[in-house]
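Reading through the structure tokens given below for one structure.
Residue numbers (the numbering used here): 229 to 559.
Structure follows, in structure tokens:
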């Protein structure tokens, strides 16, 4: 596997800017570029950008001018994934590695169906408190990536053709060793050089579901209650809702053969407490901006899988309806 030297980022949101800034700082401006459709390129080139108040100039090119990159980072919202697959078409060559820092449990399979699962390293972005409004990104915690390769492959039905997940039964804690490959080794070497913190996971699907549990809880709660991390963690209805939604994911994960537990919930709650209480997750940022949210990726997926297993998920049902009502009120 060749050494990773060039990166193309699809999506100029909070995570896209965070990782682009890290790569530029450590490897220089020629190491990374944003790739977008021509209309977005025009828009971005008229904007100014800052990261933690410092002015930044990011390389931005049109998708039609892109050449194959060694690494493609997909950093879009769920609703934009279909168009992103077209945007990145010229960025993917025979040796390109692809990681997705999107939320949810399905983006790797969706991208892999288009470009081949052999290009994919599973990835979870967690622990950051990045908030972006306009061209301004601010964060106090950069978080880390959790990366790995699934050990076995079976595909449960999530209710929509494009939303399937490679999964494997888990009977206990993750194993001490992790699946490896030349592609994974090349990626870890690159992340070391780029100053991006990461952990290589023994059981990446276990971690994927853990992050899904966290997002189903905190993202939806902050949007539904129109609050921030501090508000979601304060004793009261918001906290009760967040915990209830996460516990429903634990039940669902167990039905899918993933061994999430209350211990995992407690660990992710500890992680939330490290974030700035005035910060807010991406879904709440969408609410503030009156953008369509990723509710279908969160409680929508929970509800579809719950129906398959005959499991009741009243908290996620309420969150789904509440968020849909909020979105309808903006039109």
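All residues carry an ideal CB built from backbone N, CA and C; glycine is no exception.
Computed from a predicted model, the values in this text were never measured in an experiment.
Check whether residue i and residue j have beta carbons under 7 Å apart
i	j	result
residue 303	residue 244	yes
residue 275	residue 363	yes
residue 288	residue 269	yes
residue 379	residue 522	no
residue 353	residue 232	no
residue 547	residue 460	no
residue 501	residue 427	no
residue 534	residue 541	yes
residue 229	residue 465	no
residue 301	residue 263	no
residue 250	residue 423	yes
residue 515	residue 473	no
residue 528	residue 457	no
Separation of residue j from residue i, as counted between CA atoms
i	j	result
residue 482	residue 292	44 Å
residue 266	residue 520	22 Å
residue 530	residue 480	8 Å
residue 271	residue 242	17 Å
residue 368	residue 358	7 Å
residue 499	residue 309	27 Å
residue 331	residue 504	20 Å
residue 471	residue 543	9 Å
residue 485	residue 299	31 Å
residue 487	residue 439	13 Å
residue 477	residue 517	28 Å
residue 432	residue 425	16 Å
residue 392	residue 343	Here residue 392 scores only 29 on pLDDT, less than 50, and its place in the model should not be relied on; the value that follows carries that caveat. Taking the straight line joining both Cα atoms gives about 15 Å.
residue 314	residue 296	14 Å
residue 319	residue 277	24 Å
residue 475	residue 365	32 Å
residue 311	residue 462	38 Å
residue 492	residue 468	17 Å
Buried versus exposed call for residue i [16 or more other C-beta atoms within 10 Å across all chains shown]
i	result
residue 513	buried
residue 435	buried
residue 361	exposed
residue 347	buried
residue 509	buried
residue 524	buried
residue 437	buried
residue 538	exposed
residue 281	exposed
residue 235	buried
residue 256	exposed
residue 420	exposed
residue 448	buried
residue 454	exposed
residue 341	exposed
residue 339	buried
residue 336	buried
residue 553	exposed
residue 328	buried
residue 429	buried
residue 325	buried
residue 334	buried
Identified DSSP bridge partners for residue i
i	result
residue 454	Answer is none; residue 454 lacks a bridge partner.
residue 374	352 and 427
residue 282	279
residue 289	263
residue 325	299
residue 366	359
Three-state secondary structure (DSSP) of residue i
i	result
residue 486	coil
residue 387	With a pLDDT of only 34 at residue 387, under 50, the local geometry of the prediction cannot be trusted, and the value read off the model is given with reservation. DSSP places residue 387 in coil when its eight states are reduced to three.
residue 552	helix
residue 235	strand
residue 335	helix
residue 503	coil
residue 360	strand
residue 251	helix
residue 182	Nothing about residue 182 can be read from this structure; the chain reaches only from 229 to 559.
residue 508	coil
residue 566	Outside the displayed range of the chain (229 to 559) lies residue 566, so it cannot be described from this structure.
residue 240	coil
residue 229	coil
residue 559	coil
residue 294	coil
residue 520	coil
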